[in-house]
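Undergrad: Per the working numbering, the very first residue in the sequence shown carries number 285; after that it's consecutive.
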Amino acid sequence: MKNIGINVNTTKDLNKQMLNFIIKNIHNIDNNVNINVYEDCVGLDENESNRLDVIIVLGGDGTILNTSKNVLKSKTPILGINIGHLGFLAQVEISNVKEALNRLFMGKYTVEERDMIQCSYDDGNGVKSYDGLNDVVLCRKVDSGIQRYDIYINGAFYNTFNGDGIIVCTSTGSTGYNLSAGGPIIHPSLDVLCLTPMYSQFLTARTIILDSRSRISITSKKKFENVYLSVDGQQCIEVNGFGPIKIERSQNKRKLIKFDNNDYFNTLKEKITFKAKGCEGEIYEGN
285 MKNIGINVNT
295 TKDLNKQMLN
305 FIIKNIHNID
315 NNVNINVYED
325 CVGLDENESN
335 RLDVIIVLGG
345 DGTILNTSKN
355 VLKSKTPILG
365 INIGHLGFLA
375 QVEISNVKEA
385 LNRLFMGKYT
395 VEERDMIQCS
405 YDDGNGVKSY
415 DGLNDVVLCR
425 KVDSGIQRYD
435 IYINGAFYNT
445 FNGDGIIVCT
455 STGSTGYNLS
465 AGGPIIHPSL
475 DVLCLTPMYS
485 QFLTARTIIL
495 DSRSRISITS
505 KKKFENVYLS
515 VDGQQCIEVN
525 GFGPIKIERS
535 QNKRKLIKFD
545 NNDYFNTLKE
555 KITFKAKGCE
565 GEIYEGN
């Protein structure tokens, strides 16, 4: 490992204390390593990332998703170190940074390849396309009325929902906005897409799990009011309500570094169940 990139969320590490701590520990392991530091993704793109052996991300899930967007087609794996709030995508907490860096340099890790999701639509000036790791969200304006959405799957009509919006997520993104809207937790090894209506008036509006090869088309039926499109929470784009939004599995993949001692179900317990109980002022039974 000769070239390492560190992308730091400067709002989470204002005095660069964690950044400097990591750089110091890397050089303690191997003083010949070349370290490139990027602040808030400035200077970090696909071409830059291809020169790196690994990208270490300091921040929360949002920082990892933003990094993923900036290096979209890159094959360089990402290692997330959580200095944010939840950090479900991050493999490393502040308390075990030294151990994680040692494992990284000893090669005691695996690289998971996660599916990504793509949406596209024609804005009248051509087709716009966006890729994400977590989800694609269609939603109404806060001050607008309930929207109506027609859903087609593989060209066949599936259902109509009246509600705030629609979430389509990957298995990786199932623990994000999808979970907040009542959708299921999906193990990241499953090759699926999940479609969850947001706060619909219809009793038949339920989540559906689809094969990841499915092609989803969503049309907003509310005239005179556009809907908003968000990909991984990184963009909020007003789109014309008359044209379909097409959603499918992306051809791109995201490589994430995983350590053998990080069990998915322990992560669920610590970052979903345990923190939820803590917010409610309760003690989790398993602790």
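Note that beta-carbon positions come from the ideal geometry of N, C-alpha and C, so glycine has one too.
What do you reckon, are the CB atoms on Asp419 and Asn462 nearer than 8 Å?
TA: For Asp419 and Asn462, yes; Cβs fall inside 8 Å.
Undergrad: What residues in its chain sit with their C-beta under 8 Å from that of Leu336, if we drop five residues either side in the sequence?
TA: Taken in chain order, the residues that qualify are Asn287, Ile288, Gly289, Asn320, Thr360.
Undergrad: Considering only DSSP beta bridges, list what Ser504 is partnered with.
TA: Its beta-bridge partners are Tyr433.
Undergrad: Would you mind sorting Ser501 into buried or exposed? The rule is 16 or more other CB atoms within 10 Å of its CB.
TA: The residue is buried, with at least 16 neighbouring Cβ atoms inside 10 Å.
Undergrad: In terms of residues, what are the limits of the beta strand (DSSP E) holding Tyr536?
TA: The displayed chain sequence assigns Asn, not Tyr, to residue 536. Its beta strand (DSSP E) spans residues 529-542.
Undergrad: Three-state secondary structure (DSSP) at Asn350?
TA: Helix at Asn350.
Undergrad: Take Asn572 and list the residues in its own chain whose beta-carbon comes closer than 8 Å to its own, dropping the five residues that flank it on each side.
TA: The structure shown does not extend to residue 572, since the chain spans only 285 to 571, so no value can be given for it.
Undergrad: Return the chain-ordered ranges of every beta strand (DSSP E) run that is complete within the segment 350-431 and spans a minimum of 3 residues.
TA: Correct list: 362-366, 394-406, 411-416, 419-423.
Undergrad: Look up Gln301 in the DSSP assignment and say whether it is helix, strand or coil.
TA: In this structure, Gln301 counts as helix in the three-state DSSP scheme.
Undergrad: Could you tell me the distance, in whole angstroms, from the CA atom of Glu564 to the CA atom of Val317?
TA: Confidence at Glu564 is low in this model, with a pLDDT of 48, below 50, so its placement is unreliable and no value can be given for it.
Undergrad: Beta-carbon separation of Met400 and Asp448 under 8 Å?
TA: Cβ distance not < 8 Å, so Met400 and Asp448 don't count as in contact.
Undergrad: Quick one: is Val376 buried, meaning 16 or more other Cβ sit within 10 Å of its Cβ, or exposed?
TA: Val376 should be labelled buried.
Undergrad: Quick check on Leu487: does DSSP put it in helix, strand or coil?
TA: In the structure shown, Leu487 sits in coil (DSSP, three-state: anything other than H, G, I, E or B).
Undergrad: Output the distance between the C-alpha atoms of Leu513 and Asp434, rounded to the nearest integer angstrom.
TA: If I take the Cα positions, the gap works out to 16 Å.
Undergrad: Please look up how many angstroms separate the CB atoms of Asn304 and Cys325, rounded, as I've assumed it's under 8 Å.
TA: About 19 Å separates the two Cβ atoms, so there is no contact after all.
Undergrad: Gln519: buried (16+ other C-beta within 10 angstroms of its C-beta) or exposed?
TA: It counts as exposed.
Undergrad: Return the Cβ separation of Ile348 and Leu373 in integer angstroms, given the expectation that the two are a contact with Cβ distance under 8 Å.
TA: Correct: roughly 5 Å between the Cβ atoms.
Undergrad: What's the gap between the Cα of Asp544 and the Cα of Leu388?
TA: Going by the C-alpha atoms only, they are around 11 Å apart.
Undergrad: May I ask you to list the residues that DSSP assigns as paired with Val317?
TA: Paired residues: none, contrary to the question.
Undergrad: Nearest CA to the CA of Asn450: which residue from Ala440, Gly467, Ile378, Phe441?
TA: The amino acid at residue 450 is misidentified as Asn; the sequence shows Ile. Ile450 has its Cα closest to that of Gly467, out of Ala440, Gly467, Ile378, Phe441.
Undergrad: Need the endpoints of the alpha helix (DSSP H) that Glu330 sits in, please.
TA: Residues 330-333.
Undergrad: Does DSSP put Val292 in a helix, in a strand, or in coil?
TA: Strand.
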